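To keep things clear, I will list the structure first and then write my remarks on it.
Put into structure tokens, the structure is as follows:
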């Protein structure tokens with residue numbers, strides 16, 4: 000073993016020359032910083048005069064992890080007040096939810112969660 004914590008291996012090639020390969024014996028340092036938390040975004044369900052309660056509830060159940068009771072409550076809230084908070088997630092997932100609800104022709108919007 001060579002000095003400095005480096006292991007040296009020697010091998011003889013067919014040409015008669017000696018090849019030296021050095022391999023570090025220390026493991027790479029683990030970063031001490033934690034990954035940055037992604038900022039939260041709200042996914043808001045809007046009332047419309049096009050979709051039925053059943054179709055909105057079915058879409059919520061299909062696209063989110065909300066339970067049937069929660070889906071009904073959010074749909075009623077949007078119907079009565081004009082808008083309801085469906086969920087809060089990071090921006091990329093909120094954008095995905097927006098696109099998915101749009102395929103069902105259901106109006107949702109996203110906005111930063113100011114909390």
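Numbering (the working numbering), first residue to last: 0 to 114. Ideal placement from N, C-alpha and C gives every residue a C-beta, glycine not left out. It should be emphasised that the depicted structure is a prediction, and the values quoted were computed from it without experimental measurement.
- Within the model, the alpha-carbon separation for residue 60 versus residue 74 is close to 11 Å.
- Note on geometry: alpha-carbon atoms of residue 38 and residue 109 lie some 13 Å from one another.
- Exposed is the label assigned to residue 29, since fewer than 16 other Cβ atoms lie within 10 Å of its Cβ.
- Closest by C-alpha distance to residue 88, out of 47, 34, 81 and 97, is 97.
- When the alpha-carbon of residue 85 is set against those of 34, 91 and 107, the nearest one is in 107.
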